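K.L.:
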């Protein structure tokens, strides 16, 4: 190959793929929590209920954001 050894890109190992997926899941979960935090503030300030679907997704996101990597 014409590409120098130090410039070659090696594909990730299966373990790295699992780790990247776990990291992405945590990132996505934390982003969802950040994006929907306003529901909690609105409930605290005005008493307006948080929709059930948002509550369920936030509960799952908290689990996903806190899980340890394999």
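In the working numbering, the protein residues as written are -1 to 68. No residue lacks a Cβ here, since even glycine has one placed at the ideal position from N, Cα and C. Remember, predicted model here, so these are calculated numbers, not experimental data.
On the premise that residue 28 lies in contact with residue 57, defined as a C-beta separation below 8 Å, what is that separation, rounded to the nearest angstrom?
P.N.:
Locating residue 57 in the chain shown gives position 59, counting from the first residue. Locating residue 28 in the chain shown gives position 30, counting from the first residue. That belief does not hold up - the Cβ atoms of residue 57 and residue 28 are roughly 14 Å apart, past 8 Å.
K.L.:
Between the Cα of residue 33 and the Cα atoms of 52, 4, 1 and 17, which residue gives the shortest distance?
P.N.:
For the purposes of this step, residue 33 is taken as the residue at position 35 of the chain shown. Closest by alpha carbon: 52.
K.L.:
Cα separation between residue 13 and residue 41?
P.N.:
What you label residue 13 is simply residue 15 of the chain shown in a count that begins at 1. What you label residue 41 is simply residue 43 of the chain shown in a count that begins at 1. Near 42 Å, if we compare the C-alpha coordinates of residue 41 and residue 13.
K.L.:
By how many angstroms is the C-alpha of residue 17 removed from the C-alpha of residue 36?
P.N.:
As a first step, residue 36 must be located in the chain shown, where it is residue number 38. As a first step, residue 17 must be located in the chain shown, where it is residue number 19. Roughly 30 Å between the two C-alpha positions.
K.L.:
Looking only at its chain, what residues have a beta carbon closer than 6 Å to the beta carbon of residue 48, apart from the 5 residues adjacent to it on each side?
P.N.:
Counting from one through the chain shown, the residue named residue 48 turns up at place 50. Result list for residue 48: 37 and 41, in chain order.
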